[in-house]
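J.: Below you will find the structure I want to go over with you.
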Amino acid sequence: MELKHIIKEELKWWPFSNKKLTNQEIEDLIKSKIKDVNVKYIDFNGDEKNGIIQVNERIVDNIKNTFNGLYNIGFRINNIEPSNGRDDKELINQNITSCFNYRRAITPTGLGKLSKHAWGLAWDINPKVNPAEPNCGMDFQYGCEFGVLKPKEIDIIKSNGFNWGGEIFKSFYDSHHFEVPFTSEELKIQNSFKIDEHNIKNIIKEVLNEGRKEDVYDKYLPHQLKFGTDMPSVSTFLLSIIEDISNHIGHFGNNKYLDWSVGQLLELLNNDEYTHLDIPQMRDIVVKNVTDFHDNLKRFNDRLFDEINLYEKLPISYLANEEKIKKSPKDINSYPNLTTLKFITDIAKTITTKSEVKKLEADKIYEDNNVLIVSPKSHRASCYYGAKTKWCTTSTDTQHFQNYTNTGVLIYIINKHPITIGEHYQKIAIYIPDINSNGILSNLGDDDNYEVYNSLDEDITFEWHEWLWEDYWEHWNLIQKYFNKEWRQKYVN
Ligand SMILES: [Zn+2]
């Protein structure tokens, strides 16, 4: 069967809505409907016995009539007794005929929805000698003398209102199993039964730790096919989610976000605020947020938390996990939920990385091992290159920078090594107002055409060229060339 089809079947069982009853309330409700029915039967030794079979009250008559019918044709039954909490394997190995058994459906994870046995609406007869195929690891006994169902017995049971496990499941032949369909009321309750999310997460973790998703898939899917679609399986559903999410974000390095993402999808599924969404829509929410996070990781830098501190009200989900997030902001597992991840990612998106500032927001005029000459084109770039100076163009108020650059060119000369005349001259700012009608910056020394400041924002226009570094003539030529050609072409008309 196609995976898509299986998933569609599985989804019927997922608790999308109707969360009125707790699991405990469901259990109490179901158990209140279970009745002991005394039936007569002939055991494998040919002796007449009485047994108790516990069933849902609405099938009491069907059960009575069925066992009467089997008794009348002399069909032998090994032993009929209540399951008393024994698991399915035990009941099979002891060849016990029973109905009610408050348990989850048998799935690879064992965490699925309630079994129909839990409702007292399904029962198994001589399970050890009537095998299920594929046999899912149980120790069946083939070709036995007594208790094997033949068409005659099956017809009697079916005529009393039961569907046979040898016929109802698409890819699973369960010859000892009979059941009745749910009523719509029962189905609602069944669908409101909540799966064990905590355990599922652990299983996902385990599964993911074991290897890549292909391995997970190979490992679990064949089991699901064995069990058939009557047994609602969380594992198949999870696999489909894993598959689906992996298709979207798996390329981000060996599925490193998969575990977290699947967990978040489960959160959404169990969140009342999202009940109006279908699973692909929920998937999209998770994928979008994780993708955003991944794409902006380079912005999760030192400035991130400065930005966060500017917020007056921080979400509680952030505050509760602040320490963890501050310690490892790039680890998705630091984030308790999508809300927090989105909150931080949105802030990170406003942060420009250093390389972006360098590339996009400044013209590099010259650089060698000793000096860097740039013209900042944004306030951010100005702050970046003008760090640790007193220049007003680097203050938090962006207005100064704008005023300067609206009317001319700012150029920063950054000495990479300590210079002999002192640290105040480590960075020099040159401002060239665009006052020359022909757009040509005159020779160095024509001081009317520019202003020069040291790191303390002291005007050194009239002295700077007399004692600065030896290459300044060369540098000045480059600045002139930049102003007269590149800057003019790029920014004027
Ligand atoms: Zn069964």
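According to our numbering, the stretch in the sequence shown is residues 588 to 1080, in order.
Here a beta-carbon is modelled for each residue, glycine too, at the ideal position from N, C-alpha and C.
Treat the numbers as computed from the prediction; the structure is a model and nothing was measured.
1. Select from Lys936, Ser833, Leu925, Val873 the residue whose C-alpha is nearest the C-alpha of Asp882.
2. Is the closest heavy atom of ligand 1 to the C-beta of Asp761 under 8 Å?
3. Measure the Cβ-Cβ separation of Ile640 and Pro669 and say whether it is below 9 Å.
4. Measuring from the CB of Asp675, is there a heavy atom of ligand 1 at a distance below 8 Å?
5. Check whether the Cβ of Gly752 sits closer than 8 Å to any heavy atom of ligand 1, and report yes or no.
6. Let me know the alpha helix (DSSP H) ranges lying completely inside the region 961-1047, each 4 residues or longer, listed in chain order.
7. Sort Ser1042, Val874, Glu754 by Cα distance to Ile1000 and report the nearest one.
8. Between the alpha carbons of Pro714 and Leu853, how many angstroms are there, rounded?
9. Spatial neighbours of Lys1068 within its chain, please: C-beta separation below 7 Å, excluding the five flanking residues on both sides.
10. Rounded to whole angstroms, how far is the Cβ of Thr653 from the Cβ of Ile755, which I believe are closer than 8 Å?
11. Count the other CB atoms, across all protein chains shown, that sit within 10 Å of the CB of Phe1049; report buried if there are 16 or more and exposed otherwise.
12. Please state whether DSSP places Ser685 in a helix, a strand or coil.
13. Spatial neighbours of Leu678 within its chain, please: C-beta separation below 8 Å, excluding the five flanking residues on both sides.
14. When the distance is taken between beta carbons, is Phe769 closer than 9 Å to Leu708?
15. Mind listing, in chain order, the continuous beta strand (DSSP E) runs of no fewer than 3 residues lying wholly within the region 736-770?
16. Compute the Euclidean distance between the alpha carbons of Gly609 and Ile621, then round it to the nearest angstrom.
17. Quick one: does the C-beta of Glu766 sit closer than 8 Å to a heavy atom of ligand 1?
18. Please confirm whether any heavy atom of ligand 2 lies closer than 8 Å to the CB of Trp706.
19. In the DSSP assignment, find the alpha helix (DSSP H) that holds Asp889 and state where it starts and stops.
20. Just reading off the beta strand (DSSP E) that Trp710 is part of, what are its end residues?
21. How should Thr1007 be labelled, buried or exposed, when 16 other C-beta atoms within 10 angstroms of its C-beta is the threshold for buried?
22. In angstroms, rounded to a whole number, what distance separates the CA positions of Tyr991 and Phe892?
23. Tell me whether the region 901-911 and the region 843-851 touch, counting them as touching only if at least three CB pairs, one residue from each stretch, are closer than 8 Å.
24. For Ile667, which of helix, strand or coil comes out of DSSP?
25. Inspect the beta-carbon positions of Lys875 and Gln777 and report whether they are closer than 9 Å.
T.: This is what the structure holds:
1. Lys936
2. yes
3. yes
4. yes
5. yes
6. 966-972, 986-993
7. Ser1042
8. 36 Å
9. none
10. Between Ile755 and Thr653 the Cβ distance is about 17 Å, and since that is not below 8 Å, they are no contact.
11. exposed
12. strand
13. Ser670, Ser685, Asn688, Asp711, Pro714
14. yes
15. 764-766
16. Here residue 609 turns out to be Thr, not Gly, going by the sequence shown. When rounded, the distance between both Cα atoms is 19 Å.
17. yes
18. Judged by which ligands are present, ligand 2 is missing from the structure shown, whose ligands are ligand 1.
19. 889-896
20. 709-711
21. exposed
22. 30 Å
23. no
24. strand
25. no
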